[in-house]
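A.B. asks: Residue numbers (my numbering): 1 to 178. Every residue, glycine too, gets a C-beta built ideally from N, C-alpha and C.
#1: In three-state DSSP terms, what is residue 57?
#2: How long is the line joining the alpha carbons of residue 158 and residue 22, rounded to whole angstroms?
#3: For the putative contact between residue 70 and residue 90, defined by C-beta atoms under 8 angstroms, what is the C-beta separation to the nearest angstrom?
#4: Tell me whether the beta-carbon of residue 51 lies closer than 9 angstroms to the beta-carbon of residue 33.
#5: Run through the region 75-130 for me and flag every whole alpha helix (DSSP H) of 4 or more residues, listed as ranges in chain order.
#6: Below 8 angstroms CB to CB, which residues in the same chain sit around residue 141 once its five sequence neighbours on both sides are set aside?
#7: What does the Cβ neighbour count give for residue 132, buried or exposed, with the cut at 16 atoms within 10 Å?
#8: Shortest alpha-carbon distance to residue 128 belongs to which of 117, 138, 137?
#9: Counting along the chain, where does the alpha helix (DSSP H) carrying residue 151 start and finish?
#10: Apply the 10 Å Cβ neighbour rule to residue 111 and answer buried if 16 or more other Cβ atoms are within range, or exposed otherwise.
#11: Taking only three categories from DSSP, how would you classify residue 26?
#12: When you compare each of 57, 68, 24, 156 to residue 35 by their alpha carbons, which one comes out closest?
#13: So, is residue 139 buried or exposed, given that buried needs 16 or more other C-beta atoms within 10 angstroms?
#14: Rounding to the nearest angstrom, what Cα-Cα distance links residue 163 and residue 155 in this structure?
#15: Taking its Cβ as the centre, do 16 or more other Cβ atoms sit within 10 Å of residue 49, making it buried, or is it exposed?
#16: Can you give me the Cβ contacts of residue 63 inside the same chain, cut-off strictly under 6 angstroms, excluding the 5 residues immediately before and after it?
#17: Between residue 100 and residue 57, which are expected to be in contact by the criterion C-beta below 8 angstroms, what is the C-beta distance as a whole number of angstroms?
This is the structure:
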C-alpha cells in the first residue's frame, strides 16, 4: 500500500511531462497487484476488497477488471464453481466501494446494474439480490436503480414492438401523492 501512495504522490507532485509515465507505472503496478490477489488468494479473502477501498486512486482500467470479475463465465464445473465465488467477491467489493468511496458510487452502481441484466443466471441473481436487499434502500442509489429498471423494461418492450406510452413514476413520487 505504501508503494501505491508513493507512486500517487509522485504522480501528483511531478510536472505534467513526467506524470504520464508515473501514472502509467501506478496503473500497471496496481492492476498487477489486483490480479495477483485474485490469482493467489481464495475468493473468501477480503484483501482484494481492502486494496481497492484503501488505494489512493483507482485507475479506469481497474473498473473494467472489476466488471470482468463480476461477470465471470466459466466453461467447466470446477471453473464455474470458483468463478461463482469470484462473482460474489467482485460484487462484494463493488458494494464496499459504494459505501466507502462516494466519488466512485456511480461507476460501481453501473457495474452492479449491468450484472443485474446479465445472461448468466448466477451473475444476474447475485446482482439482483444486491440491488434489492442493499442498494435500493440507499437514498442516493434508489432513483438510479428505478431509472435503470424503467429504461431496461422500455428497451425490451420496444424490441418486441409493444406500445410504451405509459407514464412511469418513481416510488418516491407515488408515495408523496398518497
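C.D. replies: Reading from the atomic positions:
#1: The three-state reading of DSSP puts residue 57 in coil, since its state is none of H, G, I, E or B.
#2: The C-alpha of residue 22 is placed about 47 angstroms away from the C-alpha of residue 158.
#3: In this structure residue 70 is in contact with residue 90, their Cβ atoms being roughly 4 angstroms apart against a cut-off of 8 angstroms.
#4: Between residue 51 and residue 33, the C-beta gap is smaller than 9 angstroms, which places the two residues in contact.
#5: Qualifying alpha helix (DSSP H) stretches, in chain order: 77-100, 105-116, 121-130.
#6: Once the five neighbours on either side are set aside, the close Cβ partners of residue 141 are 98, 105, 109, 135.
#7: That one is exposed.
#8: Nearest C-alpha to residue 128 among 117, 138, 137: 117.
#9: Segment 139-159, the alpha helix (DSSP H) holding residue 151.
#10: Around the beta carbon of residue 111, a 10 Å sphere encloses 16 or more other beta carbons of the protein chains shown; the residue is thus reported as buried.
#11: Assigned with DSSP and collapsed to three states, residue 26 falls in helix.
#12: Shortest Cα-Cα distance from residue 35 to any of 57, 68, 24, 156 involves 68.
#13: When all chains shown are included, residue 139 counts as exposed.
#14: Straight-line Cα distance between these residues: approximately 11 angstroms.
#15: Counting Cβ neighbours within 10 Å, residue 49 comes out buried, since at least 16 surround it.
#16: Same-chain partners within the cutoff: 107.
#17: Contact doesn't hold; Cβ gap of about 14 angstroms is too wide.
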